[in-house]
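Residues 1 to 690, numbered by the UniProt record's numbering, are exactly what the sequence shown covers, in order.
From the three backbone atoms N, C-alpha and C, an ideal C-beta is built for every residue, glycine too.
Keep in mind that this is a model prediction, so the values were computed, not measured.
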Amino acid sequence: MNGEPGSFLNSDALNSRKRLLESTLAEQRMRWRNGSQEPVEEYLVRCYDLRGDSEAVLDLLYNEVLLRRERGDFPTRDEYLARFPELSGSLGLLFEVDEDLEADGQFLSVDLTSIKNDPSSLTNPQSYSTERVERDSPRDERNARATSDMKVVQRLVASNSFRGTVELHTMLQKRLRFLSILLTLMYLMAGTQLRTVWHMGRWPYYPIHMASVWAVLAIVASIALFLLFHRKLLPVPLLRTIEAILFLCPILQTTFVLFDLTWLQGDLLRSLATPDHDSAYFFHTMVLFYFPSITGYGILIPNTGRRCFIVTLAIGMVPLVLLVLGLPLSPDVWLLHRIAYLQGFVWVSMWMGVGIACATYGCHRINVLQREAFIARRLGQYRLRERLGSGGMGEVYLAEHVLLKQPCAVKIIRPERAGDPAALRRFKREVQSTARLKHWNTVSIYDYGIAADGTFYYAMEYLPGWNLEDMVRSFGPLPPARASHLLRQACAALSEAHAIGLIHRDIKPANLIVCQRGGVSDVVKVLDFGLVRDIDSGDGESLTIEGMIAGTPAYMSPEQASGHKELDARSDVYSLGAVAYFALTGSPPFGERTQVQVLAAHLYETPRPLVELNHQVPSELAATVMRALEKRPEDRFPDTQSLSDALTSSDIQNQWTSTDSATWWKEHSPEIRSTESSIVPDHALVGSTS
């Protein structure tokens, strides 16, 4: 659900394909119900932009399936697989989900009147109620229920829940690949060791039947390995079959070995007949054989908790059944060692129960975490990749637009902070204010919205570069000409903001990103308008709590430090002067002090002259910076444009050229990460996240 983008964001370009899909679905429903039964292929010919979007094609296909059912026609999976073979994996899963709903007698029922009054309820899972339709109910009643719920089912299957199932489908195949490799290697090594054990005299005869079992198991695991690596995505029924075979084979093999050694060859009777009744060894071995299969299934295989419980319960019953059925083969065991046998049975039962409980709970927790991770990775039309930075209010992620496949930075405010009205106002003010600014040196806002879990977010341009603070701390104070060049760009961005009545109030080195854009090096981008104040609003709205001071103490103006609410452009001029001081000296105007001491220094102290800290700073540039740092606003430059003019008139303005910038970036450019990268350098943060 999007927030309020229409009031302050121009996201038509990004949402055009979504609106095209919605209008095409509406047209498809209208034409089918009016008798014009055009196939999906006809719509894709007319709507060229939807051809490459597999999710849009799936929406259209499933809409057609439901419309055909509405007319009494029940299409088959094979028909659609033949029409769209390139979507075989997703189509197979789509029909599987749909068939599961019908097979279970379950249809999603929702009050259509409430949907008409509140269309947004279609995207709210809590608005759905599940009712059971008996399998022996009249066919017309079931068809009517399916028709009434058509739109809801379509929205669910084409929504994140369906796409999350596709992710689990892919994960299942990856896990089975790992399991097949592990079992193939294990069977090959076991077959080799079997002959070694025979040569050592542990068995009086070569167990050719056991060697044959190991060979067969190795062949089966190898075939599964070939199938899993031969195709990118196998159908779910085939994957579940491979899963059953891979787990069933070692369980049957283990059962066969135990049965052979204990009952056929009498090892159990001999172990119980020893003077110290050392039966624990046998029962411990039995637990050791089956317990890993139970817990491994719960951890490795993506499943529902219910299915995991059923499968692990079946595995856990095997040793217990083996103990019961083996008694007729060894009646002397029960007659002579009944107590020890019962104790062993209880011991095995207890450990099988522990394994089943651990596997079921682990599977449930993994499912919960996977759902949370899926929601976290998908915010509206954006898929999150890597975290770039975090702060008190939110986090910034490297993300990718799902349709455009373009990298961007997404800033979010978590639901736990969304309950804080001040945090919400600041977040909303930040995105609204930044969206009003179009200057080249201001970060661009792409979109704003609210995710399904209540996460507020906005998307902005991704800036792989250095924030000014990290740049200075990594490479030392900037050359005066370069510092002047960067500051003039910041002045230009703030001049636009001041012209429409916006005061930034949090200018600091961390909020100035230096990057390369459009083939131009040393481009400054101003970030984080979360504390911006509209001096022309006249509504007295403030993001500052009574008794609190908003901003960063090391770079705030005296009037801001004293808590004055009536600020103007000269407050940002002072902050820019403090940033210039830091860029030229490597230290803020009042050094490393406590926050209270820094605030007092802004009010009553004069910074040390620049030339004392950096002898390379020209006197004219030093005078410009010191004037920007005057205590009284009327003694400073009246606006950022005047500050920029003073920097431009300096003798050093032409001493830093585009060639110098390009040369520096060739040597020090941070790695530009693609959206597939898994390693993010710490220095390539996207602005302040506080």
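For residue i, three-class secondary structure by DSSP
i	result
R142	A caution first: R142 carries a pLDDT of 40, below 50, which makes its placement in the model too unreliable to give a value.
E41	helix
I503	strand
I242	helix
V216	helix
I301	coil
L322	helix
Y457	strand
T76	coil
I445	strand
Q154	A caution first: Q154 carries a pLDDT of 38, below 50, which makes its placement in the model unreliable, though a value can still be read off. Here Q154 sits in helix by DSSP.
I652	coil
G389	strand
Y462	coil
R426	helix
R632	coil
L384	strand
L20	helix
Extent of the continuous beta strand (DSSP E) run through residue i
i	result
C515	512-517
Y397	394-401
K411	407-413
V524	520-526
Nearest-angstrom beta carbon gap, residue j and residue i [assumed within contact, 8 Å]
i	j	result
L322	F259	7 Å
A628	V573	5 Å
I251	L313	The Cβ separation is near 13 Å, so there is no contact.
A409	A423	Wrong, their Cβ atoms sit about 19 Å apart, outside the cutoff.
Y382	A459	6 Å
P670	P464	6 Å
S298	C363	Looking at the sequence shown, residue 298 is not Ser but Gly. 5 Å between Cβ atoms; contact.
I181	V220	Not a contact, Cβ separation roughly 14 Å.
L239	L172	5 Å
I413	G394	4 Å
L576	T648	In fact, because the Cβ distance is near 14 Å, the residues do not count as touching under 8 Å.
Contact test: residue i Cβ vs the ligand PLP heavy atom, cutoff 7 Å
i	result
L576	In the structure shown, the ligand PLP is absent, as is every other ligand, since no ligand is present at all.
Host alpha helix (DSSP H) of residue i (start-end)
i	result
D645	640-648
L584	569-585
H615	No alpha helix (DSSP H) holds H615; DSSP gives it neither H nor E.
Q597	595-604
F475	468-475
R608	Counting along the chain, R608 falls outside any alpha helix (DSSP H), and DSSP gives it neither H nor E.
Q560	558-561
W665	658-668
If you pair each beta-carbon of the region 481-491 with each one of the region 626-644, do three or more pairs fall below 8 Å? Yes, since at least three Cβ pairs between the region 481-491 and the region 626-644 fall closer than 8 Å, the two stretches touch.
When the Cβ atoms of the region 610-627 are set against those of the region 594-602, are three or more pairs found closer than 8 Å? The region 610-627 is not in contact with the region 594-602.
Do three or more CB pairs link the region 515-524 to the region 422-433 at distances below 8 Å? The answer is no - the region 422-433 does not touch the region 515-524, with fewer than three Cβ pairs under 8 Å.
Using a Cβ distance threshold of 8 Å, determine whether the region 661-668 contacts the region 501-511, with at least three qualifying pairs required. No, because fewer than three Cβ pairs between the region 661-668 and the region 501-511 fall closer than 8 Å, the two stretches do not touch.
Would you be able to state if there are at least three C-beta pairs under 8 Å between the region 434-448 and the region 476-483? Too few Cβ pairs lie closer than 8 Å, so no.
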